[in-house]
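Reading through the C-alpha cells given below for one structure.
2 protein chains.
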Amino acid sequence: MFSCKILLTNRRHILQTTICRAASIAKGNAAIDKRATAVQKPPMQQEHHSSGNGSFDSVLSATAVIFGGSLLTYLITEKIKNDSAKIYAKEVSLDEIRKAHDAVRKDLPEYTMDEIVKHNSPSSGIWVTYGVGVYDITKFVPKHPGSDKVMLAAGGAIDPFWHIFQQHNTEEVLSLLESFRIGNLRPDDVVGTKDLHDPWSTEPKRHPILKPATLKPFNAEPPASILVDSFVTPTQFFYVRNHLPVPDVDVKSYELELENEKTGKGKTIHFKDILNYPKHSVTATIMCGGNRRSEMMDVKPIKGLPWGAAAVGNAEWSGAKLCDVLRDMGVREGDDEGHVQFEGLDTDPTSTPYGASIPLAKAMDPRGDVILAYEMNGQPLNRDHGYPIRVIVPGVVGSRNVKWLGKIVVSRNESTSHWQQNDYKSFSPSTDWDTVDFKTAPAIQNMPVTSAICTPATGEKLAGKDGFVTVKGYAWSGGGSAIVRVDVSADGGKTWTVAKLDETEKGTGPGRHWSWSLWSADVPVKPGQKGAVEILSKAVDSNYNTQPESFTNIWNLRGVVGNAYSRVKVTIN
Amino acid sequence: MFSCKILLTNRRHILQTTICRAASIAKGNAAIDKRATAVQKPPMQQEHHSSGNGSFDSVLSATAVIFGGSLLTYLITEKIKNDSAKIYAKEVSLDEIRKAHDAVRKDLPEYTMDEIVKHNSPSSGIWVTYGVGVYDITKFVPKHPGSDKVMLAAGGAIDPFWHIFQQHNTEEVLSLLESFRIGNLRPDDVVGTKDLHDPWSTEPKRHPILKPATLKPFNAEPPASILVDSFVTPTQFFYVRNHLPVPDVDVKSYELELENEKTGKGKTIHFKDILNYPKHSVTATIMCGGNRRSEMMDVKPIKGLPWGAAAVGNAEWSGAKLCDVLRDMGVREGDDEGHVQFEGLDTDPTSTPYGASIPLAKAMDPRGDVILAYEMNGQPLNRDHGYPIRVIVPGVVGSRNVKWLGKIVVSRNESTSHWQQNDYKSFSPSTDWDTVDFKTAPAIQNMPVTSAICTPATGEKLAGKDGFVTVKGYAWSGGGSAIVRVDVSADGGKTWTVAKLDETEKGTGPGRHWSWSLWSADVPVKPGQKGAVEILSKAVDSNYNTQPESFTNIWNLRGVVGNAYSRVKVTIN
C-alpha cells in the first residue's frame, strides 16, 4: 500500500497529510485535526429537504484549485478549440476509468513513489500518478490557469483529489492524461481508492424539483417558472451551489474561530454564543455569479456550470449581525479598511477550506445588514444551505455568502482562497485563458442589475389573449439598489411595455434593497401576429443602471455577471 | 401702469407679489424679503473667471416651472412632430418680439387686468397677457407637462417670467402664443419690461473655452478633449449648469437657514459658523444628468440642452461635513429615514428657489462624504459654482449638488421642487409627453456607469501609427462605485482592447470612489485599414455594471442618464 511521507515543503506536506488522513479515516482511525472533529462523518440526524445554497460558481473552478482541475480546464479548452461543443464531457463510471488506469503499460518503465516524489518542480520535471499510471505533466503546467495550484499535486498521487472531484471521470480527461504517460507505478505504492472514505456518503436528500447540473458536488436549480410564484422562495426550491462535500456538523461541538490580525487576538465561540447576539432578520436575494451562464454560452463556449436563470432565490435570513461580532473582536467604528475573511467547514483533499472575503466596510456598515445566519425562512438552516451558520452578505455575489462557517478573520488582506483570487472575476470579451491575469480584476462583490423572464419559457406555444401575452419574471440589482422599472418588448424593442412590479420590498430605505422584484406585464402582440416571437426584458435600478442588450460584448471566460437582456422565443398560435 | 393685486390663492399671491417686487426693484425700492437682502444687486466684487458648475439639467425643464416653459415645451413638441428638427428655435431680439406684441389688434376687444385676473382656472378659462396681447390658453394647459405650474401665471402677465427666461424670445414661441390671442390689454395695465430689473446684469465673466448652449441662464461645457488633460479639472474649464440668474451674495450678510421638520426646530447660521466645522476635502466628479444628451438626440429628438460629453468635471471640494451640521440640527445616528432638502439663493420670478433633496441616509453616512463646500480646487468657490456655499453630494447627479445654498430642511419628504418632482427622472423609451406621469419614477440620485471617448473626436483624420490609434477618455460611475475596466474597440466590438487606467483615485475604499478614471488605449486598426472607422468605448464598474450598447433602448423623454457606449467616427489616412 501507499506509504505516507512527510516532506519538507508545506504544500507537499498538506497533500501527503491529506492522503494519509483519507486513508486513516477509511481505516476508522481518529480524525487528525480539529476540523475533522467538528465535521462529523456518522449518519445525519437532521434530514431536511435539501435545497439550494446561494453561493459559488463553477465546479470547474472549484476543481482548478488542484491539479485535476487544471487538467480538466486544459482539456475543455482543447475541446472548445476542436469542436466548439458544450463543455461537459460524457461521464463514464469510476470503475471503467480505474480499469483503464490500472492497466500496466508493458512498453513503459516502472517507478517507485520515492522516485516520483523528486519530480515536484519545473526544474526536476512535474510528475503525478493516477492508478498505476505515471505522468509527466511538466509541459502542461505553465501554460494553463491554476498552475500555482497544480504544484500541490506535483510529485504525488492525484487519486485522492479525483476521488472527491468526480467530474474528472470522463473519457476526455483520461485520454488527455494518458497522453502524458511515461510509466507504471510500483504496485505497492498505488493509492487504493477503495480504501478512501467516501466523502459523498452523507450528502443530504434534495427535493426532486431541483435539476442537478452536477451531483458531486451537488449543484442544482429549480425550473425558472417556479420562482415567480412567491416573493420568498421556499427553502426546498432554492438553488444549491456546493463546491465540496456537504460537511455534517454537530451543533453541540460546533466551534467558530475568530481572529483579528489587526490586534493579533483571537478566540473561539460556539453556537449558543451566536444565539446570544440580538437576532436580526433580513430578506435578501442570493444569486450565483454564474447565473444565466447558459445564455452567455450561446455566444461562445465557457468553462463553468451551464446555469439557467434560476441560480437565484429570495429568502428571509435571521441571525447575529456580523458587525456586533466584529465589535467584540476589537474592530472599532470607522476603522473599516481591510477585509473580513470567511472559511467554510467544507474542505478539499488538502484540508483547504472553501474561503472568501468581503470588505470590512461592508461588514461594519450597520446598513449593510451582513449577518451570521442560523435561520432561513423561519427554520434552522438546512445542511445544503450552510447548517449551522452561514454568512449572508446582502447585495453581494453568492460566493461570498460562505456556508458552514468555520472561521472569521479580520485582515488587511483579501482571502487568499482560489475562489477569491482566481475565480468570480470578469474580464474583457477578448481575454482568453492564454492571456488572463486574474490579478488585474477585482473579486466580484456587488452584483449588477439583471432581469429574467421566467414565464413563458423558450419554446412555449401561446395563445395571444386579446392581443396580449402575459410575461412574468424577476429583476434584481446588487449593492442594495432597488429595481425601479422593468421594460418588456415583443417586437424587438420597437415598443416597450412597462411591467407592473408585483412584489417588491417596502420601506428598507435607499441602498438597502436586498430583495428582488417580481414583475408581470401584458405585452401586446400585433393583431394576427403568429409564429415565432422573441420577448425581451430589461430592468433599470435605482442608480439608473440598466442591462446591456446582448451577451456578446459582456462574454467573459468565467461566464460570470451575465446580465444582458433576457430573451425568450415563443410561438403565438 | 400695472396694478398690483394680492389675491387669495397662494400661488397667485406669489406671482403677483413677484411682479410687484420686480417693479419695486426697478424703481429702486427696498427689496421685499430676506432673501432679496442676502442676494445683492450691486456690481460684483469677486470677478473670478467663470467656470462650470456641475449641476442641473435643461433650460427647458427649468422654464417648465412656469407657464412660459410649458408653452415652449408644447411648441417644441409640435415642432418635433412637424419636422423632426432639433429643438432650438431661431432666436430673435427681445425688441422685435416686443414690437409684435405691442401691436394692438383692432379686430379684437380690449380687456382690463381686472377682467383678466378672473380667468385663472379651467372653469373660468385661463387667460394670460404678454405685452398688449391677451391670450386664452385654456385648451393648451391640461394637455401638457408642467400644467400645474402653468397655473402660477393664470390670470396675469407672463412678461416678468419671459424677461428672465429669454429663451422664449423666438419666432416659434411667439407664433404659437399669437394663435391663442383673444384681445388687447388696456394700455395702462401693460407690464413694462423696461422698468423691470435686469437679472442678468451681474452675471460673472466666463472663460472663453466654455461653449455656451444658452447664455441666459448660462450653460456651457468645455471641449471634451480638454477633460483628459488633468485628473482634476481646472475650475475655469469646469462645465457650468445654471437654471437662473447667478445670485450675487455678500458673504458678510450670508445666512443659511436650517430647519428640522422632525423636531420642529430651526435656526440660522452664518458663513463663519460653517468654517468652524472640521474641514473635510473630497475629490469628486460631478456630472449633469443630461450629459451626452446630444448623442441620445440622434435616436429621436429630445427637449433639453444638447449637451456633449463634457457636462462633467472632477474637482477637489472642501467644506464642512453635512452630517456634522445635521447632528447639530438634532438628527440622531441611525435615524436616517427621510430626506434633506436644499434650497438655492437663485430664484425664479415667483421667488421660488431652485431646490432638490437627497436621502437623509446618504447625508448622515460618514462614508457618504456629503459636504457644504466653500472651496473648489483649493480656492473659494466662484460665483458660477455656488459661492459662497454649495452642497457636494458625491456620486449623485449634479442637480442635487445645490449651489448658492440658502436653506437646509430635514424632512420626511422629498423636495417639492419642480426639479426633484418633474424633471431629472427617466422613463421607458415608449413613454412620451402625452403619457408621462412623473410620479411613477424616482428622482435620479446615484448616476449609472458611463465612459466617453474624448480624443479623437468624431470627424478627425488620423494617421494609424504602427497599426494603432491612441484613444483617450474618462469613465465614471455614481454611487461610489469604482471603474474597474474600460474596453475599447475599433472593429465594431469584434475585438476589445483593455484601456490603461491612467489616473484614478487610490485608497478611498469600497463604495467611496467619487472621482472619474481617465484612461487611454492604443487600439489596433487592421493593416491597411483606411477610411471611416468607428471607435467604441464601454466601462465596467465595481458592481460589474456596464454600459448599454446603444441609446435606442435607453432613450427617454428628458434625455437623462444617457450612458450608452461612446462612439466616435474617425478617418484613418
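Those sequence lines, one after another, are chains V and W. First residue of the first sequence? That's 414 in our numbering, and the numbers climb one at a time after it. First residue of the second sequence? That's 414 in our numbering, and the numbers climb one at a time after it. Ideal placement from N, C-alpha and C gives every residue a C-beta, glycine not left out. Remember, predicted model here, so these are calculated numbers, not experimental data.
### Task
Mark E750 (chain W) as exposed unless 16 or more other C-beta atoms lie within 10 angstroms of its C-beta, in which case mark it buried.
exposed
#### Entry: Cutoff 7 Å; reference T965 (chain V); Cβ partners in own chain excluding five residues on either side
V712
### Query
Along chain V, in chain order, which residues have C-beta atoms closer than 8 Å to that of T965 (chain W)?
G906
### Query
Taking Cβ-Cβ distances shorter than 9 Å, what residues in chain W pair up with D850 (chain V)?
Near D850 (chain V) there are no residues of chain W at all, since even the closest Cβ is about 10 Å away, more than 9 Å.
### Query
From this set, W:K519, W:R825, W:A566, W:K552, which residue's C-alpha is nearest I529 (chain W)'s C-alpha?
The alpha carbon of I529 (chain W) has as its nearest neighbour, out of W:K519, W:R825, W:A566, W:K552, the alpha carbon of W:A566.
### Query
Could you give the distance in angstroms between the alpha-carbon of P625 (chain V) and the alpha-carbon of D847 (chain V)?
31 Å
### Task
Report the three-state DSSP secondary structure of V478 (chain V) (helix, strand or coil).
Bear in mind that the predicted position of V478 (chain V) carries a pLDDT of just 34, short of 50, making it unreliable; the figure below should be weighed with that in mind. Looking at V478 (chain V) - three-state DSSP - the assignment turns out to be coil, as it is neither helix nor strand.
### Task
Check the Cβ-Cβ distances between M860 (chain V) and every residue of chain W, and say whether any is below 8 Å.
yes
### Task
Using the DSSP secondary-structure output, state which residues sit across from M700 (chain V) in a beta bridge.
V:V725
### Query
Between the Cα of D602 (chain V) and the Cα atoms of V:H610, V:M526, V:Y652, V:P635, which residue gives the shortest distance?
V:M526
### Proximal chain W residues relative to W909 (chain V), where beta-carbon distance stays under 8 Å
S841, P842, S843, N966
### Task
Measure from the C-beta of F469 (chain W) to each C-beta in chain V and report whether the shortest distance is under 8 Å.
Here F469 (chain W) scores only 30 on pLDDT, less than 50, and its place in the model should not be relied on; the value that follows carries that caveat. For F469 (chain W), the closest Cβ of chain V is not nearer than 8 Å.
### Message
Taking 8 Å as the threshold (C-beta atoms), are V953 (chain W) and A903 (chain W) in contact?
### Response
Between A903 (chain W) and V953 (chain W), the CB-CB gap reaches or exceeds 8 Å.
### Message
Please list the terminal residues of the continuous beta strand (DSSP E) segment that includes M709 (chain W).
### Response
Element bounds for M709 (chain W): not the beta strand (DSSP E) but the alpha helix (DSSP H), 706 to 710.
### Query
What in chain V is Cβ-close to N958 (chain W), meaning under 7 Å?
P861, V862, N958
### Task
Let me know if L688 (chain V) comes out buried or exposed under the rule of 16 or more other beta-carbons within 10 Å of its beta-carbon.
exposed
### Task
Mark T696 (chain W) as exposed unless 16 or more other C-beta atoms lie within 10 angstroms of its C-beta, in which case mark it buried.
buried
### Task
Check each candidate in V:Y652, V:E591, V:E634 and name the one with the smallest Cα separation from F553 (chain V).
V:E591
### Message
Considering only their Cβ atoms, is the gap separating A888 (chain W) from V899 (chain W) smaller than 8 Å?
### Response
yes
### Task
For chain W, find out if any of its Cβ atoms is closer than 8 Å to the Cβ of K939 (chain V); answer yes or no.
no
### Task
Find the residues of chain W that neighbour S955 (chain V), judging by a C-beta separation of less than 8 Å, and give them in chain order.
P855, Q858, N859
### Message
Can you tell me where the alpha helix (DSSP H) holding E584 (chain W) begins and where it ends?
### Response
584 to 592
### Query
Of all the CB atoms in chain W, is at least one closer than 8 Å to the CB of S497 (chain V)?
Confidence at S497 (chain V) is low in this model, with a pLDDT of 30, below 50, so the placement of that residue should be treated as unreliable; the coordinate-derived value is given next. No, because no Cβ of chain W sits closer than 8 Å to the Cβ of S497 (chain V).
### Own chain partners of K874 (chain V) with C-beta closer than 6 Å, once the 5 adjacent residues on each side are dropped
T984, N986
### Task
Please name the residues in the stretch 776 to 809 of chain V whose beta-carbon is closer than 8 Å to at least one beta-carbon of chain W, in chain order.
Against chain W - using a Cβ distance shorter than 8 Å - the residues of the stretch 776 to 809 of chain V are D778, P779, R780.
### Query
Alpha carbon to alpha carbon, how far is L473 (chain W) from Y652 (chain V)?
The predicted position of L473 (chain W) is uncertain, since its pLDDT is 33 and thus under 50; no value can be drawn from it.
### Query
Expressed to the nearest angstrom, what Euclidean distance is found between the alpha-carbon atoms of Q834 (chain V) and P660 (chain V)?
The straight-line gap from Cα to Cα measures roughly 24 Å.
### Query
Taking C-alpha atoms, which residue in V:C867, V:G924, V:A876, V:K913 lies nearest to S894 (chain W)?
V:G924
### Task
Output the boundary residues of the alpha helix (DSSP H) element that contains F684 (chain V).
684 to 688
### Message
Using only the alpha-carbon positions, how far apart do A776 (chain V) and Y667 (chain V) sit?
### Response
23 Å
### Message
Would S864 (chain V) and S950 (chain V) qualify as a contact pair, given that the criterion is a beta-carbon distance under 8 Å?
### Response
yes
### Query
Where I550 (chain W) and V849 (chain W) are concerned, what is the direct C-alpha to C-alpha distance, given to the nearest angstrom?
21 Å
### For M742 (chain W), the first and last residue of its enclosing alpha helix (DSSP H)
M742 (chain W) -> no alpha helix (DSSP H), and no H or E assigned at all.
### Task
Name, in chain order, the residues that DSSP records as bridge partners for R898 (chain V).
The partner list for R898 (chain V) (beta bridge, DSSP) reads V:V953.
### Message
Our contact map puts V809 (chain W) next to N859 (chain W) with C-beta atoms below 8 Å; I'd like the distance itself, whole angstroms only.
### Response
6 Å
#### Entry: Helix, strand or coil at L758 (chain W) [DSSP, three-state]
Reduced to three states, the DSSP call for L758 (chain W) is strand.
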